[in-house]
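Numbering (the numbering used here), first residue to last: 68 to 245.
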């Protein structure tokens with residue numbers, strides 16, 4: 068016996084507050100400056116953004132709203148959990164990829180693979196919060212710019228962000244009433 072599809076009421080998608088990738092392939096919002104990528108990599112996750120088996124450094128990028136929105140759409144997401152938000156606390160400004168420029172045209176919809184290779188990121192830069200948010204348990208206690216970042220991502224995705232993680236432990240979750 069299983070669960071019939073009509074009984075599934077919520078589809079929760081987990082999205083990182085920045086992007087990372089393992090191996091080759093298109094990565095539109097990739098941070099090409101290795102020093103900047105290394106800083107984010109070493110702040111990232113629980114012990115940094117390195118391959119679990121190989122220990123290889125992951126490719127790092129800014130949040131890609133185009134790819135993430137597409138992922139939410141194809142999964143039928145009703146809720147989003149935004150993770151590793153605490154890893155961005157060292158930044159004064161945070162670029163967010165809000166579109167792709169392809170052949171001189173800015174698109175907000177995820178393109179077919181052939182066009183993805185030509186895509187250049189279009190960024191909107193948001194102010195950072197430049198402080199440690201780990202240990203905060205209530206959404207309203209987060210710094211204003213942190214809340215604005217969450218709300219901006221939520222608007223870009225078109226899906227409510229109902230939970231935010233601000234640390235590596237299971238208990239490092241802030242629940243939002245949406």
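Heads up, the beta-carbon is just placed ideally off N, CA and C, and yes, glycines get one too.
message: Only counting the same chain, and skipping five residues up and downstream in sequence, which positions put a Cβ closer than 7 Å to that of residue 60?
response: Here the chain covers residues 68 to 245 and nothing more, so residue 60 does not appear.
- request: Check whether the Cβ atoms of residue 229 and residue 242 sit closer than 8 Å, and answer yes or no.
  value: yes
task: For residue 182, I'd like the list of residues in its chain whose CB is within less than 7 Å of its CB, leaving aside the five on either flank, ordered along the chain.
output: In chain order, 169 place their CB closer than 7 Å to the CB of residue 182, counting only its own chain and leaving out the 5 sequence neighbours on each side.
task: Inspect the beta-carbon positions of residue 196 and residue 162 and report whether they are closer than 8 Å.
output: no
query: Unbroken beta strand (DSSP E) runs of length 3 or more, entirely within the stretch 76-107: which are they?
result: Counting only unbroken stretches of 3 or more residues, the beta strand (DSSP E) elements lying wholly within the stretch 76-107 are 79-83 and 86-88, in sequence order.
- request: Give every residue of the same chain whose Cβ lies closer than 8 Å to the Cβ of residue 89, excluding the five residues on either side of it in the sequence, and list them in chain order.
  value: Taken in chain order, the residues that qualify are 118, 123, 125 and 126.
task: Under 7 Å Cβ to Cβ from residue 110, same chain only, skipping five residues before and after it: list those, please.
output: 154 and 157
Closest Cα partner of residue 238 within the set 203, 92 and 137: 203
query: Out of curiosity, what's the CA-to-CA distance linking residue 95 and residue 85?
result: 12 Å
Pair within 8 Å by beta-carbon distance, residue 167 and residue 188: yes
- prompt: Between the C-alpha atoms of residue 113 and residue 244, what's the straight-line distance to the nearest angstrom?
  reply: 27 Å
- request: Quickly, what does DSSP pair residue 135 with across the bridge? List them, please.
  value: None, per the DSSP bridge assignment.
- prompt: Just the Cα atoms here: how many angstroms apart are residue 190 and residue 165?
  reply: 6 Å
query: Where does the unbroken beta strand (DSSP E) through residue 187 begin, and where does it stop?
result: 187-194
- prompt: With a CB to CB cut of under 8 Å and the five nearest residues on each side skipped, what residues in its chain are close to residue 179?
  reply: none
- request: For residue 104, I'd like the list of residues in its chain whose CB is within less than 6 Å of its CB, leaving aside the five on either flank, ordered along the chain.
  value: 98 and 127
- prompt: Is the Cβ-Cβ distance between residue 145 and residue 78 less than 8 Å?
  reply: yes
task: Would you check if the distance between the CB atom of residue 132 and the CB atom of residue 220 is smaller than 8 Å?
output: yes
field: Cβ-Cβ distance between residue 209 and residue 139 below 8 Å
entry: With contacts defined as CB atoms closer than 8 Å, residue 209 and residue 139 fail to qualify as a contacting pair.
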